[in-house]
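To start, the structure itself, in structure tokens.
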Amino acid sequence: MAADTIDLLKVNGVSVPMKICILIIICYIYNIRLLFRNYFSHLVNSLLRKKQPVPFSHKFSKADPLAPRLLERLLAFDPKDRASAEDALSDPYFSGLSNSEREPSTQPISKLEFDFERKKLTNDDVRELIYREILEYHPQMLEEYKHGGDQLSFMYPRLASISI
Numbered sequence: 042m043a044a045d046t047i048d049l050l051k052v053n054g055v056s057v058p059m060k061i062c063i064l065i066i067i068c069y070i071y072n073i074r075l076l077f078r079n080y081f082s083h084l085v086n087s088l089l090r091k092k093q094p095v096p097f098s099h100k101f102s103k104a105d106p107l108a109p110r111l112l113e114r115l116l117a118f119d120p121k122d123r124a125s126a127e128d129a130l131s132d133p134y135f136s137g138l139s140n141s142e143r144e145p146s147t148q149p150i151s152k153l154e155f156d157f158e159r160k161k162l163t164n165d166d167v168r169e170l171i172y173r174e175i176l177e178y179h180p181q182m183l184e185e186y187k188h189g190g191d192q193l194s195f196m197y198p199r200l201a202s203i204s205i
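Taking my numbering, I'd label the letters of the sequence shown as residues 42 to 205.
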């Protein structure tokens with residue numbers, strides 16, 4: 042569809058306002074299709090009667106009995122019922138493989154950690170932050186800057202010495 046649209050817009054005989062109208066119509070049709078698809082899927086889900094799920098243990102009868110149980114937890118339809126990665130790794134199916142001391146696990150990050158994003162910065166503040174970031178890669182200059190050195194030992198390259 043995209044290639045056809047591009048070919049249509051490349052035609053010389055079509056005026057620019059007509060091309061704009063064509064694009065607007067195509068966008069409108071696309072949005073209607075998305076809206077209809079979402080409505081239709083909701084309608085189908087509400088009209089169909091709920092079937093009892095076939096247990097994975099019946100589908101995968103030759104598999105390890107712990108594997109289908111883990112699959113059912115991981116593939117739960119409702120996201121709230123799904124197992125997290127940490128829960129899945131602690132499942133008995135992985136008992137010989139997982140090591141709880143070795144697995145990374147942390148608490149959620151506090152919103153206070155991102156408090157700096159709420160602060161309104163001026164242009165000078167941004168310049169200062171960028172300069173400090175640059176100094177992180179030059180420890181000697183950083184020390185001079187922290188000790189209040191106005192004249193830093195770093196020499197900027199002259200424009201004539203830069204070869205392109």
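All residues carry an ideal CB built from backbone N, CA and C; glycine is no exception.
Alpha carbon of residue i to alpha carbon of residue j, nearest angstrom
| i | j | result |
| --- | --- | --- |
| Y178 | I171 | 12 Å |
| E185 | E154 | 29 Å |
| R78 | N86 | 12 Å |
| L176 | K187 | 10 Å |
| S131 | A104 | 19 Å |
| P116 | F101 | Sequence inspection shows Leu at residue 116; the Pro mentioned does not correspond to that position. Approximately 15 Å between the Cα atoms of the pair. |
| F118 | K91 | 13 Å |
| E127 | A108 | 16 Å |
| I63 | Y71 | 12 Å |
Helix, strand or coil at residue i [DSSP, three-state]
| i | result |
| --- | --- |
| S102 | coil |
| R168 | helix |
| E108 | The sequence as given places Ala at residue 108; Glu does not occur at that position. The answer is helix: DSSP assigns A108 an H, G or I state. |
| R159 | helix |
| V95 | coil |
| P149 | coil |
| S82 | helix |
| L138 | coil |
Test: residue i CB closer than 8 Å to a CB of chain D
| i | result |
| --- | --- |
| H83 | Reference to chain D is not applicable here, since this structure consists of a single protein chain. |
Nearest residue (CA-CA) to residue i, options the options
| i | options | result |
| --- | --- | --- |
| S125 | P133, Y134, R114, F135 | R114 |
| R173 | L183, D165, N164 | L183 |
Own chain residues within Cβ distance below 6 Å of residue i, not counting five before or after
| i | result |
| --- | --- |
| R123 | A117 |
| P133 | L107 |
Same chain, Cβ closer than 8 Å to residue i, five either side skipped, listed in chain order
| i | result |
| --- | --- |
| K152 | none |
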